[in-house]
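Numbering (my numbering), first residue to last: 176 to 520. Cβ atoms here follow ideal geometry from the backbone N, Cα and C, with glycine treated the same way. Computed from a predicted structure; not experimentally measured.
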Ligand code: DAV
């Protein structure tokens, strides 16, 4: 039986990869990170290169283990990546860098139906990140999944620019996107144009998915990275939206016809040394099925609002979500959900 099949963000979850903080590494500085993740006056960042603080890794592993065990008690198959040393050096003909982490499997591999798509990520340090999931990808391929990888981008210096007001730091020179720039709703996919995804990336994805799918560009949501702290698709006809980023003029077309929950202000859970995500990582929820979602336990107002919309909440803790830049949606990759390809627009 093919183990890979997931068409949307909400159908009942059957199998999932949960990432790991083990061997996470703060990569060497380079122009891409300077333009996308750091302001140039963040002078201390060179001192952070290398391992994350020990307690960040330890406590995150505790939180992720509890998350995995909780999903297993619901009958969901949970897979974890094998150890992978991200501090190691790698290079192309043009540049050399070290890696980042296996904490966010959501970022490097996109699942659309039975396809596993390794995406052309925006940062050099994440160039080979999907390799960290290699054993799992091989196993899923052997089970019948279609396994493909986008053309490897060059990621040359001129791809990046210091962003000025309203301008993106990523140019449209070659296809680029992180998998977390995309949300799936059956035949409709949202593709956020941002500092980690450009129009050529959207066109490439659209070209390989073919005419059965519409890959909608989302412009001007926010200039930073991924879509999953901005929009969450909770079930057919219901979306959770970030009120600081989404409005009537930039709202993706078909979402205008859906019911919308405006996310209340997220509680700031803080961070250690440097934050790889904003407070809005608090709305980075994982749907277990159309009526159940995993939400960070400190986001009490969000939990109350979801419950009012008949979504039960499994409250769990991810103490270093901001430090590592990922909540429950980021740290997972849904491999299989029941249900089939449908049109929800
Ligand atoms: O809103 O800071 C969080 C990262 C989600 N993958 C943010 C992006």
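- Here the region 306–319 makes no contact with the region 330–344; the two share fewer than three CB pairs at distances below 8 Å.
- Short of 6 Å from the beta carbon of residue 517, and not among the five residues preceding or following it, lie these beta carbons of its own chain, in chain order: 361.
- Relative to the non-hydrogen atoms of the ligand DAV, the Cβ of residue 443 never comes closer than 7 Å to any of them.
- In the structure shown, residue 314 adopts helical secondary structure according to DSSP, grouped into three states.
- In this structure residue 497 is in contact with residue 452, their Cβ atoms being roughly 5 Å apart against a cut-off of 8 Å.
- As the crow flies, the alpha-carbon of residue 236 is around 14 Å from that of residue 192.
- Non-local beta-carbon contacts of residue 488 in its own chain, meaning distances under 8 Å to residues more than five positions away in sequence, involve 467, 468, 469, 470, 478, 481, 482 in chain order.
- In this structure, the straight-line span from the alpha carbon of residue 400 to that of residue 317 is close to 33 Å.
- Boundaries of the beta strand (DSSP E) around residue 464: 461–464.
- Each residue's CA atom was taken as its position, placing residue 363 and residue 404 some 19 Å apart.
- Within a 10 Å sphere around the beta-carbon of residue 484 sit fewer than 16 other beta-carbons, which makes this residue exposed.
- Here residue 231 really is in contact with residue 447; their C-beta atoms are around 6 Å apart, less than 8 Å.
- Taking the CA atoms as reference points, residue 247 sits about 44 Å from residue 269.
- For residue 203, same chain residues with a beta-carbon under 8 Å away, outside a window of 5 residues either side, are 224, 272, 273, 300 in chain order.
- By the C-beta density criterion, residue 445 is exposed, having fewer than 16 other C-beta atoms within 10 angstroms.
- A distance below 6 Å between beta-carbons, with the five flanking residues on each side excluded, links residue 376 to the following residues of its chain, in chain order: 350, 351, 352.
- In this structure, the CA atom of residue 199 is about 16 Å from the CA atom of residue 493.
- With distances taken between CA atoms, residue 406 lies nearest to 437 out of 474, 437, 302.
- Residue range 284–287 is occupied by the beta strand (DSSP E) that includes residue 285.
- The set of residues with any CB-heavy atom separation to the ligand DAV below 6 Å comprises, in chain order, 355, 399, 400, 401, 403, 404, 452, 453, 455, 456, 459, 500, 501, 505.
- With distances taken between CA atoms, residue 473 lies nearest to 495 out of 495, 252, 464.
- Residue 265 carries a strand assignment under DSSP once its states are collapsed to helix, strand and coil.
- The region 189–231 is shown to contain whole alpha helix (DSSP H) runs of 4 or more residues at 206–211, 220–223, in chain order.
- Around the beta carbon of residue 177, fewer than 16 other beta carbons sit within 10 angstroms, so the residue counts as exposed.
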